[in-house]
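Chemist:
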Amino acid sequence: ELIRLSRALREERPEYEQRHDEVIFLHDNARPHVVKVVKKYLEMLKWDVLLQNWIASKDESFFRDGIRKLSEKWEKVTSDGQ
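Residue numbers (the numbering used here): 1 to 82.
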């Protein structure tokens, strides 16, 4: 799946590779023998891994507040022209 995703990113979004040299990848709690193979492949692709522990450590209000703030910031940016 990662090979297909990497290929699709290059084919469908060639500008992505020019502007960004990495992908942030959310990795779940896979079995140890799978983790080694996936980790090595992700390093080869130069993709960053966003650890699920960081996300799991946040309570629901963290995400709810963040989503609310995004819409407020978007309104400010579009109304101020910044």
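From the three backbone atoms N, C-alpha and C, an ideal C-beta is built for every residue, glycine too.
Below 8 Å, can you find three or more Cβ-Cβ pairs linking the segment 7-18 to the segment 54-74?
Modeler: Verdict: no, contact absent.
Chemist: The alpha helix (DSSP H) that contains Lys-76, what's its start and end?
Modeler: For the purposes of this step, residue 76 is identified with residue 76 of the sequence shown, where counting begins at 1. From DSSP, the alpha helix (DSSP H) with Lys-76 extends over 60-80.
Chemist: Quick one: using the 10 Å Cβ neighbour count with 16 as the cut-off for buried, is Trp-74 buried or exposed?
Modeler: Counting from one through the sequence shown, the residue named residue 74 turns up at place 74. The residue is exposed, with fewer than 16 neighbouring Cβ atoms inside 10 Å.
Chemist: Taking 8 Å as the cut-off, decide whether the C-beta atoms of Leu-2 and Tyr-41 are in contact.
Modeler: Translated into the one-based positions of the sequence shown, residue 2 becomes position 2. Translated into the one-based positions of the sequence shown, residue 41 becomes position 41. It is a contact, given that the beta carbons lie within the stated cut-off.
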